[in-house]
Structures are given as C-alpha cells and as structure tokens.
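Visitor: Using the numbering used here, the first residue of the sequence shown is number 3, and each one after it goes up by one. Note that beta-carbon positions come from the ideal geometry of N, C-alpha and C, so glycine has one too. Model, not experiment: these values are computed from the prediction. Pasting a structure below so you can have a look.
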Amino acid sequence: MVQPLDVAPLLRLSDGYGDREETEAVRLFAEANGAQFQPLVLDQPLPGVVFRDPVGRPRQMQGAGRIVRFPGDPGIEIANSAFQYTIDLNVLSSTWGYAAVRLSRPAPALLVETASARAVRLLPSTPTAGVTLTLGNDSEVHVDPRAAGWARGILRPDILDLLDDAELPFDLEIVDGWLFLYSPRQLAVGDPRVWRRALGVMAAVRDAVEAADGAGVVASGAPPVLPMKDRAWKGGRRRALMFYGSVAAVVALLAAGIALFVR
3 MVQPLDVAPL
13 LRLSDGYGDR
23 EETEAVRLFA
33 EANGAQFQPL
43 VLDQPLPGVV
53 FRDPVGRPRQ
63 MQGAGRIVRF
73 PGDPGIEIAN
83 SAFQYTIDLN
93 VLSSTWGYAA
103 VRLSRPAPAL
113 LVETASARAV
123 RLLPSTPTAG
133 VTLTLGNDSE
143 VHVDPRAAGW
153 ARGILRPDIL
163 DLLDDAELPF
173 DLEIVDGWLF
183 LYSPRQLAVG
193 DPRVWRRALG
203 VMAAVRDAVE
213 AADGAGVVAS
223 GAPPVLPMKD
233 RAWKGGRRRA
243 LMFYGSVAAV
253 VALLAAGIAL
263 FVR
C-alpha cells in the first residue's frame with residue numbers, strides 16, 4: 003500500500019530530542035514520502051470507538067496530533083489521538099495511537115481486542131449486541147453472529163500474531179467502511195520501526211479483509227456498525243489521587259520558591 007519508506011529525517015533525530023524536534027522530523031519524513039502532514043486536528047470526521055461515543059458524537063475534547071496521510075489507493079492515516087473523560091468530577095485524558103484506511107468493499111462491523119493491548123488499556127466502548135469469540139492468545143472478537151464465520155476466516159493465526167505483539171500491540175476495528183488499528187500506547191512517531199510496523203500490519207490486515215469480501219455477509223443482514231456502550235472505567239479514583247498528589251507537590255514547590263524569594 004505504501005512504497006519503501008525514506009526514514010532519513012527520523013534517523014537524524016539526536017538523543018534526548020524534544021517535541022519540537024520530533025514534530026519537525028515527522029513533517030520532513032512525511033514530505034520525503036509524498037505524504038501530507040498536519041501538526042494538530044481538533045475536528046476528525048472518523049468513526050470508531052477512539053473517536054466517537056456510543057451515540058456517534060465526537061468524544062470530549064477529541065483531537066489528533068502529528069497526522070501523516072499517505073496518498074494513493076488506499077490512503078492511510080497514522081497519528082496519535084486523545085480525548086478527555088470524567089469520573090467522579092475528575093477530568094482525565096486517554097491517548098491512543100491509530101492507523102486508519104478506507105475499505106474498497108463492504109464489510110460487517112468487527113472489533114478485536116488483543117490480549118497484549120488489553121493488558122495495557124481497555125478500549126473505551128464495546129458492542130451491546132452480537133457474539134464474542136475468543137481466538138488466538140485470548141483475543142476477544144466482537145461481531146454479529148451472521149459474520150462470525152467471516153471473522154474467523156480473516157483472523158488467521160498469522161494475522162492475530164501480527165496484532166498481538168507484546169512490544170507494540172494493536173486492537174482492530176472495522177466500522178462503517180473503515181479499518182482501524184489502535185495502539186493502547188502513544189505511538190513513538192520519531193522511531194522508524196513504529197512506522198514500518200504500523201504500515202506492515204495495516205497492509206496485512208487490509209489484504210485479509212479485502213480477500214474475504216464481506217459483501218455477501220452484509221447482504222445477509224450483518225450490520226456495518228454495531229450498537230455500543232461505554233465501559234465503566236476502572237482505576238479512576240487511583241488516577242485522580244495520583245493527579246491530585248502531583249498537583250499538591252507542584253503547589254508545595256511553588257510555595258517553597260515564593261518563600262525563598264520574599265526573604
């Protein structure tokens with residue numbers, strides 16, 4: 003889907019580089035590979051659990067940074083996306099790396115949570131209908147019952163092994179004509195290995211989906227979108243305590259500095 007990458011701009015990053023240097027390196031990397039670069043987008047018209055809540059609205063304060071869009075048929079977009087959510091009046095944030103591509107053929111909705119990705123972070127929403135299959139190394143597959151055989155055909159052991167990598171795992175979603183890979187950690191976009199892995203996994207998964215051709219499954223009634231519900235986020239109180247502890251430490255340091263200044 004993408005020609006061999008020119009990663010020279012990324013290799014020029016020196017140890018200890020900062021955000022500004024990384025952003026410029028990614029911009030030059032995109033330029034060298036004929037891709038479009040956007041440093042920040044606050045209005046993303048993408049479906050998917052990372053971008054939309056269960057009723058289809060953009061997630062709270064959702065946006066994406068350092069977006070690279072590779073041209074061609076299909077065009078591939080890779081970036082990091084973040085949104086906010088509230089637990090017990092505490093506002094927290096969640097950041098996901100993602101790769102997105104449009105499918106050329108109809109396909110039913112599918113959501114795959116791999117064991118390695120699930121160990122890092124749970125997806126924010128899960129389907130309220132359909133069946134849940136367990137495949138490979140404890141990957142959970144959510145799909146309409148009429149599409150279960152189709153899903154098993156796509157999610158061969160080699161595809162599941164590609165997704166369920168301990169170092170850089172991906173969840174998978176097919177929804178409304180789009181194919182998404184989700185990384186539970188922010189993608190290290192200054193690392194050439196991240197780009198090679200994300201693009202390689204995307205190519206393999208998309209080829210498997212296109213070869214399976216879900217048009218007949220969709221014609222049988224399997225929907226392109228499944229009804230969803232947000233998960234009850236676990237660990238919110240602990241995260242809030244850590245946040246308030248950090249704030250208290252900063253306040254204490256500021257107070258100490260002011261005291262020294264006014265003496």
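Report back the beta-carbon spacing between Leu174 and Val122 to the nearest angstrom; my notes put them in contact at under 8 Å.
Guide: In fact, because the Cβ distance is near 15 Å, the residues do not count as touching under 8 Å.
Visitor: Taking the C-alpha atoms as reference points, what is the distance between Leu112 and Val52?
Guide: Annotation: Leu112 to Val52 spans about 14 Å, alpha carbon to alpha carbon.
Visitor: Thinking C-alpha only, which one of Pro129, Trp152, Val203 is nearest Ile161?
Guide: Val203
Visitor: Determine whether the beta carbon atoms of Ser16 and Glu26 lie at a separation below 9 Å.
Guide: no
Visitor: What number of angstroms, rounded off, separates the C-alpha of Leu94 from the C-alpha of Gln5?
Guide: 39 Å
Visitor: What is the rounded straight-line gap between the Cα of Ala221 and the Cα of Ser118?
Guide: 34 Å
Visitor: State the Cα-Cα distance for the pair Gly179 and Val219, rounded to the nearest angstrom.
Guide: Looking at the two C-alpha atoms, the distance is approximately 14 Å.
Visitor: Who are the near neighbours of Leu243 in its chain, counting only those whose CB is closer than 7 Å to its CB and skipping five residues on each side?
Guide: Low per-residue confidence applies at Leu243: pLDDT is 43, beneath 50, and the placement is therefore not dependable, though the value from the model is reported in the following sentence. Excluding residues within five positions, none has a Cβ falling inside 7 Å.
Visitor: Going by DSSP, which residues form a beta bridge with Pro129?
Guide: Pro129 is bridged to Met230.
Visitor: To the nearest angstrom, how far is it from the Cα of Ala213 to the Cα of Ala150?
Guide: 16 Å
Visitor: Do the segment 26 to 38 and the segment 69 to 76 touch if we need at least three Cβ pairs shorter than 8 Å?
Guide: Enough Cβ pairs lie closer than 8 Å, so yes.
Visitor: Am I right that Leu124 and Arg233 are in contact with their C-beta atoms under 8 Å? What's the rounded C-beta distance?
Guide: 6 Å
Visitor: Tell me, which residues are paired with Tyr100 by DSSP?
Guide: Ala81, Tyr184
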